[in-house]
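Only one structure is covered here, and it is reproduced in the block below.
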Amino acid sequence: MKIKLITLACMLGLAVSTSATAASELEKLRSEVDALNTKAKEWEEWKAPKTLVHLAGYADVGYVDTEAESGSFNVGTFSPIFHYQFSDMVMLEAELEIGIDEGGKSEVGVDYLTIDYFMNDYAALIVGKFLSPLGQFRQNLHPSWINKMASAPVGFGHDQAAPNAEVGIMVKGGFKTGNGTSNYALYVGNGPTLELEAPDEIEMIETPGLNKDGEGKKVVGGRYGLFFPEQQLDIGLSAASGETSIRQGSSGSYTYEPGRSYDALGFDFAWRVVGFDIRGEYIKQEVGDDVTSVAPTGGEWVAWYVQAAYKFNNSNWEAALRLSDYDTPHASQDRNQTAIGVNYVFSSNFIGKLNFEINENPNAGLTASDRTLVQLAYGF
Amino acid sequence: MKKQSHNTVKSIVAAVFLLATTTLLNTGFAAEKPNTEGGDAARGAKSWVDNCMRCHNARDPKELRDDQWITTTYHMRIRAGLTGQETRDIIAFLQMSN
Chain A
1 MKIKLITLAC MLGLAVSTSA TAASELEKLR SEVDALNTKA KEWEEWKAPK TLVHLAGYAD
61 VGYVDTEAES GSFNVGTFSP IFHYQFSDMV MLEAELEIGI DEGGKSEVGV DYLTIDYFMN
121 DYAALIVGKF LSPLGQFRQN LHPSWINKMA SAPVGFGHDQ AAPNAEVGIM VKGGFKTGNG
181 TSNYALYVGN GPTLELEAPD EIEMIETPGL NKDGEGKKVV GGRYGLFFPE QQLDIGLSAA
241 SGETSIRQGS SGSYTYEPGR SYDALGFDFA WRVVGFDIRG EYIKQEVGDD VTSVAPTGGE
301 WVAWYVQAAY KFNNSNWEAA LRLSDYDTPH ASQDRNQTAI GVNYVFSSNF IGKLNFEINE
361 NPNAGLTASD RTLVQLAYGF
Chain B
381 MKKQSHNTVK SIVAAVFLLA TTTLLNTGFA AEKPNTEGGD AARGAKSWVD NCMRCHNARD
441 PKELRDDQWI TTTYHMRIRA GLTGQETRDI IAFLQMSN
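Line by line, the protein sequences are chains A and B. Going by my numbering, the first sequence runs without a break in its numbering and finishes at 380. Going by my numbering, the second sequence runs without a break in its numbering and finishes at 478.
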């Protein structure tokens, strides 16, 4: 009897202690699930936080062999892009341009820096230094992982026929039109400046995006583009007008002439058809005469290119061909170029390029140097 | 002198135009609105196919995190002149495919 009672007491004790352990286990589990839920909610926040920070950009490295010069390895550019966005209201975009010059010295530039205010679904206000919206090469194709060639077309480099950048204010956006969409950019900016060559000649139109409007007269310009999704066809018309002036002296003590007329006109297209990516563009910048100037004669800087690229089905190989031409008031600067390229597309943003350029200088009766270029470009 | 006043007028016209568009077009977004609300992934898939190969090779939706697709697509909105609705649709599609 005694033994029975003791056994019962023991079993009861055991049951009580087991259920107490189970309850505390349950409690522990519950708090663990709660903690996990909180964590999961925190992760959810990643999907749509109000403030976003993102680092993008691209870089390219390679080898250039110029006829009659020694071939050299080179670092093209490292261009980090910073994005800071608050809600659907504002975004800061900035791209740096970091490179190394011939002598090994590092150079840093600001490619663009703007604060973009999304006014509504059809318009964003962009203020700061932006890539020129005239045409398509500078604003849409110049990053090396996008450009099918290892170089810019002749006339589309820095301070050539195609304007590079602008400091000012721009409205950019798009809207539906019939079975396509329209996109537009309209800006007011400081405009370019003119560089003197000989004491009485304008060497070039400089368009780096000037932080001071020397002669105080603005340039107004823009681009209107139409995109037809069915046909995969983009066309665009660009124009700008205003005044510019000759700048002399050195940084910090520049002097500017009074203004003279400045106009630009451009046309561009892009068409993706039967596996080909075909593009072309024409741009003209024009400076008026000014009898009171040290360099009274103005001039026209004109360039165009057409390019076709074809990516072979189910392979990583791509072939590209580009013809380009650049005409200036100075015969020695004129160029025409045929560029042939073979690309290996490792992935959509990592591309190896092998190019051969035939460069000619027909208007001066000179032969410009042909070049072979190898480039590895990576966009991130 | 004539030229100068002509240009000043041009600048003023341009500035007024820009300010007017800003004011007229500004429907005033609530700052609290998330950047992706109202996106439709099905419509976004079509817009993505239509638009995201216009300038460069298509980038894999799995390449970036959901939040990174927001900034990237807003960046592309500016580059390509997409509408706000297209942008939200494409973000919904990219985040769904991620």
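Think of the CB as a built atom: it goes at the ideal place given N, C-alpha and C, for glycine as much as any other residue.
Q. Does the distance from the CB of residue 191 of chain A to the CB of residue 243 of chain A come in under 8 Å?
A. yes
**Q.** Contacts of residue 461 of chain B in chain A (Cβ-Cβ under 7 Å)
**A.** 172, 173, 174, 183, 184, 225
Q | Pairwise C-alpha distance: residue 313 of chain A and residue 463 of chain B | A | 32 Å
**Q.** Three-state secondary structure assigned by DSSP to residue 455 of chain B
**A.** helix
Q) Quick one: does residue 453 of chain B have its CB under 8 Å from some CB of chain A? A) no
Q: Please classify residue 428 of chain B: does DSSP put it in a helix, a strand, or coil?
A: helix
Q. At least one CB of chain B closer than 8 Å to the CB of residue 348 of chain A: is that the case?
A. yes
**Q.** Which residues DSSP lists as bridging residue 359 of chain A, in chain order
**A.** A/337
Q | First through last residue of the beta strand (DSSP E) which encompasses residue 318 of chain A | A | 317-327
**Q.** CB contact below 8 Å: residue 120 of chain A versus chain B
**A.** yes
Q) Should residue 345 of chain A be flagged as near chain B, meaning a C-beta pair shorter than 8 Å? A) yes
Q: For residue 369 of chain A, I'd like the list of residues in its chain whose CB is within less than 8 Å of its CB, leaving aside the five on either flank, ordered along the chain.
A: 66, 67, 68, 69, 359
Q. What does residue 277 of chain A pair with, by DSSP beta-bridge criteria?
A. A/272, A/309
Q | Interface partners of residue 116 of chain A on chain B, CB under 7 Å | A | 458
Q: Put residue 374 of chain A into one of helix, strand or coil per three-state DSSP.
A: strand
Q: State the Cα-Cα distance for the pair residue 79 of chain A and residue 31 of chain A, rounded to the nearest angstrom.
A: 47 Å
Q) Using 8 Å as the limit for Cβ to Cβ distance, is residue 142 of chain A near chain B? A) no
Q: Entirely within the segment 37-109 of chain A and at least 4 residues each: give me those alpha helix (DSSP H) ranges in chain order.
A: none
(Q) Quick test of the definition: if touching needs 3 or more C-beta pairs under 8 Å, does the segment 170-184 of chain A touch the segment 312-328 of chain A? (A) no
Q.
Mapping the DSSP letters down to three states, classify residue 433 of chain B as helix, strand or coil.
A. coil
Q) Is it the case that the Cβ atoms of residue 162 of chain A and residue 137 of chain A are separated by a distance below 8 Å? A) yes
(Q) Taking beta-carbon pairs under 7 Å, can you tell me which members of the segment 79-102 of chain A lie near chain B? (A) 83, 85, 87, 88, 89, 91, 93
Q: Could you run through the segment 23-42 of chain A and flag, in chain order, every residue whose CB is less than 8 Å away from some CB of chain B?
A: none
Q: Could you work out which residue in A/309, A/263, A/275 is closest to residue 300 of chain A when comparing CA atoms only?
A: A/263
**Q.** Rounded Cβ spacing between residue 187 of chain A and residue 221 of chain A (contact assumed at less than 8 Å)
**A.** 6 Å
Q: Counting only the same chain and skipping the five closest in sequence on each side, list residues whose C-beta sits under 7 Å from that of residue 56 of chain A.
A: 81, 83, 380
Q) Taking 8 Å as the CB-CB cut-off, is residue 432 of chain B touching chain A? A) no
Q) Which residues in the same chain have their Cβ closer than 7 Å to the Cβ of residue 410 of chain B, if we skip the five residues on either side of it in sequence? A) Below a pLDDT of 50, predicted positions are generally treated as unreliable, and residue 410 of chain B, at 38, falls in that range; the measurement from the model is reported next regardless. There are no such residues.
Q: Using a Cβ-Cβ cut-off of less than 8 Å, give me the residues of the segment 268-300 of chain A that come near chain B, in sequence order.
A: 270, 272
Q: Following the continuous alpha helix (DSSP H) through residue 468 of chain B, name the residue where it begins and the one where it ends.
A: 464-477
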